[in-house]
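Q: Below is one structure. I have some questions about it.
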Amino acid sequence: MNQSVLGLSHIGLHVRNLERSKKFYTEILGFAITCTAPLENGTVLCFLRNGDCEIELIAKPDYQQRQDGHFEHLCLKTADLDAAIAHLGAHGIPMEGPARSIPNVYHGVRLAFFRGPDGELLELNEFADEI
Numbered sequence: 074m075n076q077s078v079l080g081l082s083h084i085g086l087h088v089r090n091l092e093r094s095k096k097f098y099t100e101i102l103g104f105a106i107t108c109t110a111p112l113e114n115g116t117v118l119c120f121l122r123n124g125d126c127e128i129e130l131i132a133k134p135d136y137q138q139r140q141d142g143h144f145e146h147l148c149l150k151t152a153d154l155d156a157a158i159a160h161l162g163a164h165g166i167p168m169e170g171p172a173r174s175i176p177n178v179y180h181g182v183r184l185a186f187f188r189g190p191d192g193e194l195l196e197l198n199e200f201a202d203e204i
């Protein structure tokens, strides 16, 4: 898998008020909104980019202050999600549920979650098109 990780994809950040957070990151910090994707459960994902830095704002309808801070997960970009999952499995690292696709994030993304050695949530993304 070390050859298939292409770099950091994004950092997921829980937000209480999506509009306030979008305004802060765009107007104050100079990020641009690259994709907004509402999910079936009422959660809205909003991706913002400034240079090589990308943040995913996660606005859940039932926002609650998180015990472990505002950051949800660290996401790594991969060219071959299935190969990356197989590599992790060969090292005894289970996935947090099955791989899934979200067609309305950019032009389609496949993703899978797993845990790091201290329980940190890690995500792998394989994009249908280069973003």
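Numbering (the numbering used here), first residue to last: 74 to 204. Backbone N, C-alpha and C define an ideal beta-carbon position, used for all residues, glycine too.
#1: Could you give the residue range of the alpha helix (DSSP H) that holds GLU92?
#2: Can you check which of these residues, HIS180, PHE187, VAL178, is closest to PRO171 by C-alpha distance?
#3: On the three-state DSSP scale, how would you describe HIS146?
#4: By the three-class DSSP mapping on this structure, what secondary structure does ALA201 have?
#5: By Cβ distance, which residues of its chain are closer than 7 Å to ASN177, with the 5 residues on each side in sequence left out?
#6: Please report the straight-line C-alpha distance between ALA159 and ARG183, rounded to a whole angstrom.
#7: Do you know whose CA, among GLU113, LEU102, HIS146, lies nearest LEU197's CA?
A: Put simply:
#1: Position 19 of the sequence shown holds residue 92. Element bounds for GLU92: 91-96.
#2: For the purposes of this step, residue 171 is identified with residue 98 of the sequence shown, where counting begins at 1. It is PHE187.
#3: Stepping through the sequence shown from its first residue, residue 146 is reached at position 73. Three-state DSSP puts HIS146 in a strand.
#4: If you number the sequence shown from 1, residue 201 lands on position 128. ALA201 falls in the coil class under three-state DSSP.
#5: Residue numbering aside, residue 177 sits at position 104 when the sequence shown is read from its first letter. Taken in chain order, the residues that qualify are ALA110.
#6: Position 86 of the sequence shown, counting from 1, holds the residue named residue 159. Position 110 of the sequence shown, counting from 1, holds the residue named residue 183. Cα atoms of ALA159 and ARG183: separation of roughly 15 Å, rounded to the nearest angstrom.
#7: As a first step, residue 197 is located in the sequence shown; it is residue number 124 there, counting from the start. Among GLU113, LEU102, HIS146, the Cα nearest to that of LEU197 is on HIS146.
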